[in-house]
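Residue numbers (my numbering), protein chains in the order written: chain H, 1 to 255; chain R, 256 to 510; chain Z, 511 to 765; chain F, 766 to 1020. Ideal Cβ placement from N, Cα and C applies to all residues, glycine included. Here the structure is laid out as structure tokens; the discussion comes afterwards.
Number of protein chains: 4
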Amino acid sequence: MCRFVAYSGPDIPLENIVILPQHSLLNQSQHAAEAKLAVNGDGFGMAWYSDQERPGLYRDVLPAWSDRNLVDLCRMINSRLFLAHVRASTFGETSRSNCHPFACGRWSFMHNGQIGDFARVRRRLEASLNDEHYASRRGSTDSELLFLLLLTNGLDHSPYEAVVRTIRQIEEIQGEISQPNRLTASFCDGQVLYAFRYSSDRHSPSLYFGQGLDHGGKVIASEPLDRGTGTWEPIADRSFFTLAGGAATTQALPF
Amino acid sequence: MCRFVAYSGPDIPLENIVILPQHSLLNQSQHAAEAKLAVNGDGFGMAWYSDQERPGLYRDVLPAWSDRNLVDLCRMINSRLFLAHVRASTFGETSRSNCHPFACGRWSFMHNGQIGDFARVRRRLEASLNDEHYASRRGSTDSELLFLLLLTNGLDHSPYEAVVRTIRQIEEIQGEISQPNRLTASFCDGQVLYAFRYSSDRHSPSLYFGQGLDHGGKVIASEPLDRGTGTWEPIADRSFFTLAGGAATTQALPF
Amino acid sequence: MCRFVAYSGPDIPLENIVILPQHSLLNQSQHAAEAKLAVNGDGFGMAWYSDQERPGLYRDVLPAWSDRNLVDLCRMINSRLFLAHVRASTFGETSRSNCHPFACGRWSFMHNGQIGDFARVRRRLEASLNDEHYASRRGSTDSELLFLLLLTNGLDHSPYEAVVRTIRQIEEIQGEISQPNRLTASFCDGQVLYAFRYSSDRHSPSLYFGQGLDHGGKVIASEPLDRGTGTWEPIADRSFFTLAGGAATTQALPF
Amino acid sequence: MCRFVAYSGPDIPLENIVILPQHSLLNQSQHAAEAKLAVNGDGFGMAWYSDQERPGLYRDVLPAWSDRNLVDLCRMINSRLFLAHVRASTFGETSRSNCHPFACGRWSFMHNGQIGDFARVRRRLEASLNDEHYASRRGSTDSELLFLLLLTNGLDHSPYEAVVRTIRQIEEIQGEISQPNRLTASFCDGQVLYAFRYSSDRHSPSLYFGQGLDHGGKVIASEPLDRGTGTWEPIADRSFFTLAGGAATTQALPF
Chain H
1 MCRFVAYSGP DIPLENIVIL PQHSLLNQSQ HAAEAKLAVN GDGFGMAWYS
51 DQERPGLYRD VLPAWSDRNL VDLCRMINSR LFLAHVRAST FGETSRSNCH
101 PFACGRWSFM HNGQIGDFAR VRRRLEASLN DEHYASRRGS TDSELLFLLL
151 LTNGLDHSPY EAVVRTIRQI EEIQGEISQP NRLTASFCDG QVLYAFRYSS
201 DRHSPSLYFG QGLDHGGKVI ASEPLDRGTG TWEPIADRSF FTLAGGAATT
251 QALPF
Chain R
256 MCRFVAYSGP DIPLENIVIL PQHSLLNQSQ HAAEAKLAVN GDGFGMAWYS
306 DQERPGLYRD VLPAWSDRNL VDLCRMINSR LFLAHVRAST FGETSRSNCH
356 PFACGRWSFM HNGQIGDFAR VRRRLEASLN DEHYASRRGS TDSELLFLLL
406 LTNGLDHSPY EAVVRTIRQI EEIQGEISQP NRLTASFCDG QVLYAFRYSS
456 DRHSPSLYFG QGLDHGGKVI ASEPLDRGTG TWEPIADRSF FTLAGGAATT
506 QALPF
Chain Z
511 MCRFVAYSGP DIPLENIVIL PQHSLLNQSQ HAAEAKLAVN GDGFGMAWYS
561 DQERPGLYRD VLPAWSDRNL VDLCRMINSR LFLAHVRAST FGETSRSNCH
611 PFACGRWSFM HNGQIGDFAR VRRRLEASLN DEHYASRRGS TDSELLFLLL
661 LTNGLDHSPY EAVVRTIRQI EEIQGEISQP NRLTASFCDG QVLYAFRYSS
711 DRHSPSLYFG QGLDHGGKVI ASEPLDRGTG TWEPIADRSF FTLAGGAATT
761 QALPF
Chain F
766 MCRFVAYSGP DIPLENIVIL PQHSLLNQSQ HAAEAKLAVN GDGFGMAWYS
816 DQERPGLYRD VLPAWSDRNL VDLCRMINSR LFLAHVRAST FGETSRSNCH
866 PFACGRWSFM HNGQIGDFAR VRRRLEASLN DEHYASRRGS TDSELLFLLL
916 LTNGLDHSPY EAVVRTIRQI EEIQGEISQP NRLTASFCDG QVLYAFRYSS
966 DRHSPSLYFG QGLDHGGKVI ASEPLDRGTG TWEPIADRSF FTLAGGAATT
1016 QALPF
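Here it is as structure tokens:
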């Protein structure tokens, strides 16, 4: 299990979301309230967009709370669109290659959850990747693989379709499972912020849409960043969420 | 706050104490039960003795639970006498120089607690060091400084006297304090295992003496490593503890 | 390119080979004399055997010369059989999962060189792994993959045959290559030390067999560890080397 | 010995100086041409200014060439004024606290060289610090101490005077020395870029002033970043250099 946050809105210092709120992502790294594990100390990362196509990527294996660099980077870097993630590992060692977000071209991606029975199905899932995205596999996590499957399944053309196809593909390859699929993810192409929650047992990790932050931006977050300041609505399980040009839309996933 | 354990007895793999028990030090790094903070993820370390005078020292800034090397080292290294520590930082960055144990010649040392008003008194305490131990200062913690003060105050000649002198010296230099002194420490010269608890407010961090472990050794630990297997007795606040040749003695500290 | 050393003989501190000789592996990490790159600073590692079947494994991403732990571990740990490696990366990030040696069960393995056109053939080579060893893939290097191919091809039954089969398999899958294969590797099952050199262009990385070290052991090393003290013979390209019970044998590879 | 670069001019991506030039600082980390050691792999760091008073600070213990984050940060961060440094350690472990630049308030500072006989004079030099800057000592290097001495000696009021006073103070405390002082440093208050070279034996580390870079900015660098593109003039030993509002001035130091 992990915790994450994604922001879209006017240019702000990353610290306004990642560090400063009462229940910021940094706070959630030690005191997560709605996760199985309160501690998310197995690395962290962030991806942020400027006027270049490719996002910047900063990831490290230290706990977020131990990294002095993180505090300074979040104070100095401004962005209109960024993702940040703190990790509690289920599969895969604590290495930078296994830290979220993952990036590929203009896309960045982060995940909270698990592909059920991953050890059993990993090989067949990797075999489903197209050559281009097979070649860019760096680590050993189910999360990086989920991202590469989405890319293989047409993330560039239709994010919604790619998500539906990827979940179908995973469940076909799995057949009967002894562990549930619990997939809560957020991703971005540099313009639009996407997210989805899907679980085979209706227990996908928590996800909220937050508005009314004092800096005018909007946020998708594992947990509300504060109490009272913003308005926080849960995003439903088995739904697909889009935040484009400040407008949020939610579609049910067809499962 | 931190958690630690020290072992003296027959040669055993370090994992028998550090990794394998139900409430091992590794377990305490995420689930400490008797500390202000349950998580001790700001680095870790261990010092162990073989037939050389100087102990081996292994320290890193990762949380103990993230370090695959630690598991293998504890499986492969046997020792009759060792100290291990997981850190939750109060003063000083997460750097190897600030991780415990500290070592100097044949001595190793680890600490759990704080020198009250440390920022205010640091300079005068450092000025109390003799030249030799001033020169070996590497980090910026109160813990390393406490060790160097003990060495300056005659740890080689009388550990008990060095502890008494050092606490007196600290409190003289402090005068009135706004934060309590809470000092729970353990240290070793390669033969005898020492520990003490002292606090100005009778709230020094917990410390236990454990016997009857199945491998016959004896242990000083922040928290009992198991329930039922061994016999665990609290070591009293304001006392000085010695474990020499398998025999434990406790002396009151004269405060 | 990388540099490595493997030792078999009486129990000695690892430092006698890794740290202390005039041109020790630590020295080679900054001043390699027979490699394309003088600096091997992209991580390091060692595997050593005691009376357990599985070797101990210690790897880190720092340069060997920056790691204080390495010096202490090599001073404290004794072994009759060990491998050590310093890395200069060609494929794969600097992560612990990409550092050598790799270990699987009783086997440890390290490599110096490259599989030609690796990006082009990686997928088909990984598809050649059996399920067991596919599942244990952790990083993204050609070196780890070479080890897993050897295991798939019967390393447990006949190391010589496994090497021949694996080289044939790689070259069949490659077809025509634009980069040469240069494979200099050493591996161990806890009893016997093996090594081979193979290159498609007769330029495999250097490898020597060293005897007459003052502690009586024997060594396979990328470069002689000293001048004068021992006797160092080059191991020929396209040959397979075995050191068992103190006796060295060399077989030509059938290419 | 180390290598460094400082830039002042129009806003540019840090990579234009740190990564992209033919003999960039990243290149100098492995292939320094005018230093005793070609390899500067004991950590790195950078400080950069935006519209805040305090610079951002990013430092790590990996070699610059191993850190994927560095490449992305230098691609994404723009600045009008920044310092960057790669370290080859003389005193002090490889820890972030010992990496340059150091920062205090609006000041950032980096150094290449050594205080002669540092172990012998460290204590008396530290005793010369005022309380404020004594309290901010984090590591154990002569370089951080040199920065804190400059601050104590009035860096805020007159950088030139602070340099002169600090060198006099160091040499008074040293008396006769067995190792030369070799001090090449650069520092910045967020507006003006300063540098000086001083050595007791006329062998201070190299330093150049570079103009005519295609992005119009000006640079102080241990070694020219390219051949032909810019104009590079050596800064003389025993001189004090100022770059303010695009105008460079050099003053002789009175020794």
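If you measure between the beta carbons of residue 511(R) and residue 401(R), is that distance less than 8 Å? Residue numbering for chain R in the displayed model covers 256 to 510; residue 511(R) lies beyond these limits and cannot be assessed.
Indicate whether residue 74(H) and residue 12(H) have their beta-carbon atoms separated by less than 8 Å. On the first sequence, residue 74(H) is found 74 positions in, with the first residue counted as 1. On the first sequence, residue 12(H) is found 12 positions in, with the first residue counted as 1. No, Cβ-Cβ distance for residue 74(H) and residue 12(H) is not below 8 Å.
Is it true that the segment 236 to 250 of chain H meets the segment 180 to 198 of chain H, where meeting means three or more beta-carbon pairs spaced less than 8 Å apart? Taking a contact to require three or more Cβ pairs closer than 8 Å, the segment 236 to 250 of chain H and the segment 180 to 198 of chain H qualify as touching.
Using CA atoms only, rank isn't needed, just tell me which of 582(Z), 653(Z), 558(Z) is closest to residue 512(Z). Working through the third sequence from its first residue, we reach residue 512(Z) at position 2. In terms of Cα proximity to residue 512(Z), the closest of 582(Z), 653(Z), 558(Z) is 653(Z).
Taking just the CA atoms, how far does residue 178(H) sit from residue 632(Z)? Here residue 632(Z) corresponds to residue number 122 of the third sequence, with the count starting at 1. Here residue 178(H) corresponds to residue number 178 of the first sequence, with the count starting at 1. Here the alpha carbon of residue 632(Z) sits roughly 32 Å from the alpha carbon of residue 178(H).
Is residue 906(F) close to chain Z, meaning its C-beta is less than 8 Å from at least one C-beta of that chain? Counting from one through the fourth sequence, the residue named residue 906(F) turns up at place 141. Closer than 8 Å: no.
Is residue 777(F) close to chain B, meaning its C-beta is less than 8 Å from at least one C-beta of that chain? The structure shown contains no chain B; its protein chains are H, R, Z and F.
7 Å Cβ cut-off: residues of chain R touching residue 567(Z): In the third sequence, residue 567(Z) corresponds to position 57, counting from 1. Those are 327, listed as they occur along chain R.
Helix, strand or coil at residue 809(F) [DSSP, three-state]: On the fourth sequence, position 44 is the one that residue 809(F) refers to. The three-state secondary structure of residue 809(F), taken from DSSP, is strand.
Rounding to the nearest angstrom, what Cα-Cα distance links residue 662(Z) and residue 620(Z) in this structure? Taking the third sequence and counting its residues from 1, one reaches residue 662(Z) at position 152. Taking the third sequence and counting its residues from 1, one reaches residue 620(Z) at position 110. Counting only the Cα atoms, residue 620(Z) lies some 16 Å from residue 662(Z).
How about the segment 82 to 100 of chain H and the segment 33 to 47 of chain H: do they share at least three Cβ pairs that are nearer than 8 Å? In the pairwise beta carbon analysis, the segment 82 to 100 of chain H is classified as touching the segment 33 to 47 of chain H: at least three pairs are separated by under 8 Å.
Below 7 Å on C-beta distance, what does residue 999(F) contact in chain Z? Position 234 of the fourth sequence, counted from the first residue, corresponds to residue 999(F). Among the residues of chain Z, none has a CB under 7 Å from the CB of residue 999(F); the nearest is roughly 27 Å distant.
Where residue 358(R) sits in the DSSP three-state scheme: Here the question's residue 358(R) lines up with position 103 in the second sequence. In the structure shown, the three-state DSSP call for residue 358(R) is strand.
Rounded to whole angstroms, how far is the Cβ of residue 716(Z) from the Cβ of residue 696(Z), which I believe are closer than 8 Å? The residue you call residue 716(Z) lines up with position 206 of the third sequence. The residue you call residue 696(Z) lines up with position 186 of the third sequence. At roughly 13 Å, the Cβ-Cβ gap does not stay under 8 Å, so residue 716(Z) and residue 696(Z) are not in contact.
Check whether chain R comes within 8 Å of residue 868(F), counting only Cβ atoms and requiring the distance to be less than that. What you label residue 868(F) is simply residue 103 of the fourth sequence in a count that begins at 1. No - not a single Cβ of chain R is within 8 Å of the one on residue 868(F).
Residue 111(H) bridges to which residues according to DSSP? Taking the first sequence and counting its residues from 1, the one referred to as residue 111(H) is at position 111. According to DSSP, residue 111(H) bridges with 185(H).
Quick one: what's got a C-beta closer than 6 Å to residue 854(F)'s C-beta in the same chain, skipping five residues either side? Within the fourth sequence, numbered from 1, the residue matching residue 854(F) stands at position 89. Taking residue 854(F) as the centre and dropping the five residues before and after it, the same chain places the C-beta of 807 closer than 6 Å to its C-beta, in chain order.
For residue 130(H), which of 141(H), 118(H), 155(H), 108(H) has the nearest alpha-carbon? Counting from one through the first sequence, the residue named residue 130(H) turns up at place 130. Among 141(H), 118(H), 155(H), 108(H), the Cα nearest to that of residue 130(H) is on 155(H).
What separation, rounded to the nearest whole angstrom, lies between the Cα atoms of residue 307(R) and residue 321(R)? By one-based count along the second sequence, residue 307(R) stands at place 52. By one-based count along the second sequence, residue 321(R) stands at place 66. About 30 Å.
Range covered by the beta strand (DSSP E) that runs through residue 570(Z): Your numbering for residue 570(Z) matches position 60 in the third sequence. Note, residue 570(Z): beta strand (DSSP E), 566 to 570.
Check this for me: beta carbons of residue 211(H) and residue 184(H), under 8 Å apart or not? Here residue 211(H) is taken as the residue at index 211 of the first sequence, counted from 1. Here residue 184(H) is taken as the residue at index 184 of the first sequence, counted from 1. Going by beta carbons, residue 211(H) and residue 184(H) fall outside the 8 Å limit.
Cβ atoms of residue 58(H) and residue 837(F): under 8 Å apart, would you say? Within the fourth sequence, residue 837(F) is the residue found at index 72, counting from 1. Within the first sequence, residue 58(H) is the residue found at index 58, counting from 1. Here residue 837(F) is near residue 58(H), since their CB atoms are less than 8 Å apart.
State yes or no: is the beta carbon of residue 93(H) nearer than 8 Å to at least one beta carbon in chain Z? Position 93 of the first sequence holds residue 93(H). Yes, because at least one Cβ of chain Z sits closer than 8 Å to the Cβ of residue 93(H).
For chain R, is any of its Cβ atoms less than 8 Å away from the one on residue 943(F)? Along the fourth sequence, one-based indexing puts residue 943(F) at 178. By this cut-off, residue 943(F) is not an interface position.
Can the beta-carbon of residue 514(Z) be found closer than 8 Å to that of residue 593(Z)? Position 4 of the third sequence holds residue 514(Z). Position 83 of the third sequence holds residue 593(Z). Yes. Within cutoff.
For residue 670(Z), which three-state DSSP category applies? Counted from its first residue, the third sequence places residue 670(Z) at position 160. Reduced to three states, the DSSP call for residue 670(Z) is helix.
Bridge partners - residue 247(H), DSSP secondary structure assignment: As a working mapping, residue 247(H) is identified with position 247 in the first sequence. Answer is 244(H).
Alpha-carbon spacing of residue 363(R) relative to residue 906(F), whole angstroms: Taking the second sequence and counting its residues from 1, the one referred to as residue 363(R) is at position 108. Taking the fourth sequence and counting its residues from 1, the one referred to as residue 906(F) is at position 141. Our two residues, residue 363(R) and residue 906(F), have alpha carbons roughly 24 Å apart in a direct line.
Nearest to residue 255(H) by alpha carbon, out of 34(H), 181(H), 247(H), 104(H)? Mapped onto the first sequence, residue 255(H) falls at position 255. Closest by C-alpha distance to residue 255(H), out of 34(H), 181(H), 247(H), 104(H), is 181(H).
Output, in chain order, the set of chain H residues within a Cβ distance shorter than 9 Å of residue 321(R). Within the second sequence, numbered from 1, the residue matching residue 321(R) stands at position 66. Here the neighbours are 41, 42, 43, 61, 62, 63, 89, 93, 94.
CB-CB length for residue 276(R) against residue 481(R), believed under 8 Å: Residue numbering aside, residue 276(R) sits at position 21 when the second sequence is read from its first letter. Residue numbering aside, residue 481(R) sits at position 226 when the second sequence is read from its first letter. Right, the Cβ-Cβ distance comes to about 5 Å (below 8 Å), so this counts as a contact.
Whether residue 106(H) touches residue 9(H) by CB criterion (8 Å): In the first sequence, residue 106(H) corresponds to position 106, counting from 1. In the first sequence, residue 9(H) corresponds to position 9, counting from 1. No. Outside cutoff.
From residue 504(R) to residue 490(R), what distance separates their C-alpha atoms? Here residue 504(R) refers to the residue found at position 249 when the second sequence is read from its first residue. Here residue 490(R) refers to the residue found at position 235 when the second sequence is read from its first residue. Rounded to whole angstroms, the gap between the alpha carbons of residue 504(R) and residue 490(R) is 11 Å.
Measure from the alpha carbon of residue 208(H) to the alpha carbon of each residue in 46(H), 219(H), 32(H), 118(H), then state which is nearest. By 1-based counting over the first sequence, the position of residue 208(H) is 208. The shortest C-alpha separation from residue 208(H) is found at 219(H).
What residues match up with residue 465(R) in a beta bridge as DSSP calls it? Along the second sequence, one-based indexing puts residue 465(R) at 210. Answer is 474(R), 487(R), bridged to residue 465(R).
Residue 292(R) versus residue 31(H): straight-line alpha-carbon distance, rounded: Translated into positions along the second sequence, residue 292(R) becomes position 37. Translated into positions along the first sequence, residue 31(H) becomes position 31. The alpha-carbon atoms of residue 292(R) and residue 31(H) are separated by roughly 11 Å.
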